[in-house]
Amino acid sequence: MTIRLAVDARKLTDFGIGTYLSHLLAGLAWRGEYDLTVVVRPEHVGRVTVLAPEARTIPVSARGYGLAEHVALPAALWRERLDLVHVPHYVVPHLVPRPFVVTVHDVIQLFYPPHGRSIQALLYLRFVLRSALRRARRVITVSRTSRRDLIALFGADPDRVDVVPNGVDDRLAERPPVERLEEVKQRYGLRPPLVLVVGNDKPHKNLDVVLRAFHLACRERSLPGQLVLIGAVGGDHPLIARAHRLGLDGRVCGLGRVSQADLHTLYHLSAVLLHPARYEGFGLPVLEAMRCGLPVVTSNVGAMRDLGEGAARLVNPLDVAEVAAALERVLVDDALRRRMIEAGNRRAETLTWERAVEGTLETYRKALGEE
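Counting from 2, one number per residue, gives the positions in the sequence shown under the numbering used here.
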């Protein structure tokens, strides 16, 4: 029996959800039992064609977090003969005309709202999250931490919340050629050993502690190398100016958003991934770094503890001195580095996108069985 499925992929180029959607669509493309329809922004139709060549695309230009999407998405789906809709984000319009599964990756925006986010906006997000949890046939989340939060804080029905962890691309383990490594190092002006930070400049990413810990390690422990920030921190970011005032000229590089190919290369150029976030729904950079054979220093709380325990160096994300000491230890202790790399690889091998897709399909089957 063919299942007529629609996936809302309007966030296909978003930082974390975009990675999730790309691998989900590619996995669904090879499933003959699914007749796949993809809702996508007009400018991203070509990306969907590459990921899922047989899928039907419906362009919808309405941006997220606005009233327009509450009309545009249901209107796009209204005439479609669908069995199920999958929305990978908790803003699910009330008028979606078919049963749906929702993926709630985290509740970061509610715990650590972006700078300038109004009280009205936060109330709106809380309202739509509770509504999505109540109306969904099934809820997917990516870690035990997120599941606990959804149940304890937002009243989600435990019997309808499935944990389907994210995966990691096995191709990340392939070390780029020496020529490629050297080209990226020269293009960005990098001087190893590199302390790599991957993430947007949002409150929960804890970049203030990142900079303070690196400064402390340089000042008191003579830490060599550079701090490399990938995401929203470019060369003109206030954090770079602050590094200059701290006397870290040339020691802190803000590369902004980079291509997936460059990110892959930077993982392999680096000596350690630093990810002391205050909260994560999953912590995908931690898993990606492990797959690349990169030791990880991350937080001892929530999803990062679940993912990193036994494989990463876990630290209190609020303790600058502890983060600095962990950085120095991982960089100088070769035996520790080898153990961390081996343990990280074993952890990454258990979390694949193939398993994530299979878990998602199981949730679809549960949703379709709940009449």
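Backbone N, C-alpha and C fix where the C-beta goes; we use that ideal spot for every residue, glycine too.
Between the stretch 122-132 and the stretch 315-327, can you find at least three pairs of beta-carbon atoms closer than 8 Å?
no
7 Å Cβ shell around Asn-207 - same chain, five flanking residues per side excluded:
For this step, residue 207 is matched to residue 206 along the sequence shown. Excluding positions up to five away in sequence, the list reads Pro-277, Ala-278, Arg-279, Pro-318.
Pro-166 - DSSP class collapsed to helix/strand/coil:
Here residue 166 corresponds to residue number 165 of the sequence shown, with the count starting at 1. Reduced to three states, the DSSP call for Pro-166 is coil.
Using the three-state DSSP reduction, which class does Gly-232 fall into: helix, strand or coil?
Residue 232 sits at position 231 when you count from the first residue of the sequence shown. Looking at Gly-232 - three-state DSSP - the assignment turns out to be strand.
Given a cut-off of 9 Å, decide if Thr-104 and Asp-307 are closer than it, judged by their beta-carbon atoms.
Position 306 of the sequence shown, counted from the first residue, corresponds to residue 307. Position 103 of the sequence shown, counted from the first residue, corresponds to residue 104. Not in contact: Asp-307 and Thr-104 (Cβ atoms no closer than 9 Å).
6 Å Cβ shell around Gly-284 - same chain, five flanking residues per side excluded
Your numbering for residue 284 matches position 283 in the sequence shown. Result list for Gly-284: Ala-304, Met-305, Leu-308, in chain order.
Does the beta-carbon of Ile-109 have 16 or more other beta-carbons within 10 angstroms, so that it is buried, or is it exposed?
Residue numbering aside, residue 109 sits at position 108 when the sequence shown is read from its first letter. The residue is buried, with at least 16 neighbouring Cβ atoms inside 10 Å.
Distance between Val-164 and Val-297 (C-alpha atoms, nearest Å):
The residue given as residue 297 occupies position 296 in the sequence shown. The residue given as residue 164 occupies position 163 in the sequence shown. Looking at the two C-alpha atoms, the distance is approximately 24 Å.
Relative to the C-alpha of Leu-275, which candidate in Leu-256, Leu-362, Ile-231, Arg-258 has its C-alpha closest?
By 1-based counting over the sequence shown, the position of residue 275 is 274. The shortest C-alpha separation from Leu-275 is found at Ile-231.
With Val-88 and Asp-9 assumed to form a contact (beta carbons below 8 Å), what rounded beta-carbon distance in angstroms separates them?
Sequence index remark: in the sequence shown, residue 88 carries index 87 (1-based). Sequence index remark: in the sequence shown, residue 9 carries index 8 (1-based). That pair is a contact at about 5 Å.
Nonlocal neighbours in the same chain, by C-beta distance under 7 Å from Ile-152, ignoring five residues either side:
Counted from its first residue, the sequence shown places residue 152 at position 151. Hits under 7 Å: Pro-159, Val-162.
Between the CA atoms of Arg-42 and Thr-3 - distance to the nearest angstrom:
Taking the first residue of the sequence shown as 1, we reach residue 3 at position 2. Taking the first residue of the sequence shown as 1, we reach residue 42 at position 41. The alpha-carbon atoms of Thr-3 and Arg-42 are separated by roughly 26 Å.
With distances taken between CB atoms, is the gap from Arg-1 to Thr-38 smaller than 9 Å?
This structure gives no information on residue 1, because the portion of the chain shown stretches from 2 to 372.
Leaving out five residues on either side along the sequence, give the residues of the same chain with a beta carbon under 8 Å from the beta carbon of Val-97.
Residue mapping note: residue 97 aligns to position 96 of the sequence shown, counting from 1. Here the set comprises Leu-74, Pro-75, Leu-78, Val-86, Val-88.
His-245, enclosing alpha helix (DSSP H) - first and last residue:
In the sequence shown, counting from the first residue as 1, residue 245 sits at position 244. Its alpha helix (DSSP H) spans residues 239-246.
Quick check: the stretch 17-32 against the stretch 59-70, are there 3 or more CB pairs under 8 Å?
no
Excluding the 5 residues flanking Glu-281 on each side, which residues of the same chain have their C-beta closer than 6 Å to its C-beta?
Indexing the sequence shown from 1 puts residue 281 at position 280. Counting only Cβ-Cβ distances below 6 Å, and skipping sequence neighbours, we find Ala-304, Met-305.
Which residues DSSP lists as bridging Leu-285, in chain order
For the purposes of this step, residue 285 is identified with residue 284 of the sequence shown, where counting begins at 1. Partner(s): none; Leu-285 has no beta bridge.
If we count the other Cβ atoms within 10 Å of its Cβ and call it buried at 16 or more, is His-90 buried or exposed?
Sequence index remark: in the sequence shown, residue 90 carries index 89 (1-based). Looking at its Cβ environment, which holds 16 or more other Cβ atoms inside 10 Å, His-90 is buried.
Measure how close the beta-carbons of Asp-202 and His-245 come, nearest whole angstrom, since I'm counting them as under 8 Å.
Taking the sequence shown and counting its residues from 1, the one referred to as residue 202 is at position 201. Taking the sequence shown and counting its residues from 1, the one referred to as residue 245 is at position 244. Actually they are not in contact, since the Cβ atoms of Asp-202 and His-245 sit about 17 Å apart, beyond 8 Å.
Start and end of the alpha helix (DSSP H) containing Val-374?
Absent from the structure is residue 374, since the part of the chain shown begins at 2 and ends at 372.
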